[in-house]
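The next block holds one structure in the form of structure tokens; read it before the comments.
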Amino acid sequence: MSIIKAFLYTILAFVFWTIIQLAILLPIVYLIGKPDDFTHIYGITRILSVIGSFFLIYFFFRKPNFDLKRALKIQNYNPRIYLYLPLIAIGLLLLNKPFWDFTKIIEYYQGIPINNYVNISSNNSALIYNLISAILIAPIIEELFYRKFLLDKLSKNNSPIIAIITSSLCFSIMHIETPNNLIPTFFSGIILGLIYLKTKKSGYCIMLHFIVNLIIVTTSYMGTSYDNWLIGYNFDLIYWLLFGIGIFITLIGIKKITTANTV
0 MSIIKAFLYT ILAFVFWTII QLAILLPIVY LIGKPDDFTH IYGITRILSV IGSFFLIYFF
60 FRKPNFDLKR ALKIQNYNPR IYLYLPLIAI GLLLLNKPFW DFTKIIEYYQ GIPINNYVNI
120 SSNNSALIYN LISAILIAPI IEELFYRKFL LDKLSKNNSP IIAIITSSLC FSIMHIETPN
180 NLIPTFFSGI ILGLIYLKTK KSGYCIMLHF IVNLIIVTTS YMGTSYDNWL IGYNFDLIYW
240 LLFGIGIFIT LIGIKKITTA NTV
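Going by numbering that gives the first Met the number 0, the letters in the sequence shown line up with residues 0 to 262, in that order.
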């Protein structure tokens, strides 16, 4: 697969995602009217649009030859690798933190007071939809598309570095609705890409994606969210030390996975 083709597939997935959302929401709003509680409609639409957009890509452009029995066979996976995935997940969250906090860091050094208020939703339905979307749908669908499909095809016609960077850029572009998430998703894509090319197993990538999203979603509904707890250090030495630790343990985790996969 060429680099241009990979970007075109990503853009097409985004177009399908948008069309599906509009096809569901517009008739409801204009024919029935916007309900007082939009939680269920929005939650279901969000899930269907993600599944539908990538399904259409597979249906029209790639007939997946997926061996479910082989994928579920425990013997095909190294349990040692799964032990290192939580380590990498924590490392990714720490090293990506300054990029998520970029705006707050700029404001802090400009002397602008930082709002550490955490808006904790009490809507249980919204939480359920977020959990389904973030820790079930996203890890499976996105890893099958960006790693199993795009990265696998790109690596056949390009160097591993170019293939990983391209697939990571595509992965990042699809998260453009949250600009501060572009760089973190790019770095996460790099790590996920390395794991996939080293192991050729989507299961490891899905599990790592699951762990990262699980930590983010669940802590956002706790009294002290992941998004805010480090800001208590006011971006001082401890904050940046934790950033460095994140880089270190991520690299250690990748190294351990590489070693475990060659045993």
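Heads up, the beta-carbon is just placed ideally off N, CA and C, and yes, glycines get one too.
> Rounded C-beta distance between Tyr83 and Ile256? I'm assuming under 8 Å.
Replying inline: Position 84 of the sequence shown holds residue 83. Position 257 of the sequence shown holds residue 256. Right, the Cβ-Cβ distance comes to about 5 Å (below 8 Å), so this counts as a contact.
> Taking buried to mean at least 16 other C-beta atoms within 10 Å of its own C-beta, is Ile17 buried or exposed?
Replying inline: Stepping through the sequence shown from its first residue, residue 17 is reached at position 18. Here residue 17 is Thr; the residue named in the question, Ile, does not match the sequence. Label assigned to Thr17: exposed.
> Between the segment 187-203 and the segment 164-173, do at least 3 Cβ pairs fall closer than 8 Å?
Replying inline: yes
>> So for Thr17, helix, strand or coil by DSSP?
In response: Residue numbering aside, residue 17 sits at position 18 when the sequence shown is read from its first letter. Residue state, collapsed to three classes: helix.
>> So, for Leu143: in the same chain, excluding its five sequence neighbours on each side, which residues have a beta-carbon less than 7 Å away from its beta-carbon?
In response: For the purposes of this step, residue 143 is taken as the residue at position 144 of the sequence shown. If we look at Leu143 and ignore the five residues flanking it on each side, its Cβ neighbours are Ser201.
>> Please report the straight-line C-alpha distance between Ser171 and Phe242, rounded to a whole angstrom.
In response: On the sequence shown, residue 171 is found 172 positions in, with the first residue counted as 1. On the sequence shown, residue 242 is found 243 positions in, with the first residue counted as 1. Rounded to whole angstroms, Ser171 to Phe242 spans 21 Å at the Cα level.
>> Rounding to the nearest angstrom, what Cα-Cα distance links Ile27 and His39 in this structure?
In response: Within the sequence shown, residue 27 is the residue found at index 28, counting from 1. Within the sequence shown, residue 39 is the residue found at index 40, counting from 1. A direct Cα-Cα distance of roughly 12 Å separates Ile27 from His39.
> Does the segment 40-56 come close enough to the segment 90-108 to have 3 or more Cβ pairs within less than 8 Å?
Replying inline: no
> Where Leu24 and Phe15 are concerned, what is the direct C-alpha to C-alpha distance, given to the nearest angstrom?
Replying inline: The sequence position of residue 24 within the sequence shown is 25, counting from 1. The sequence position of residue 15 within the sequence shown is 16, counting from 1. Approximately 14 Å, taken between the alpha carbons.
>> Quick check: what's the CA-CA separation for Leu92 versus Phe234?
In response: Residue numbering aside, residue 92 sits at position 93 when the sequence shown is read from its first letter. Residue numbering aside, residue 234 sits at position 235 when the sequence shown is read from its first letter. So the alpha carbons of these two residues sit roughly 16 Å apart.
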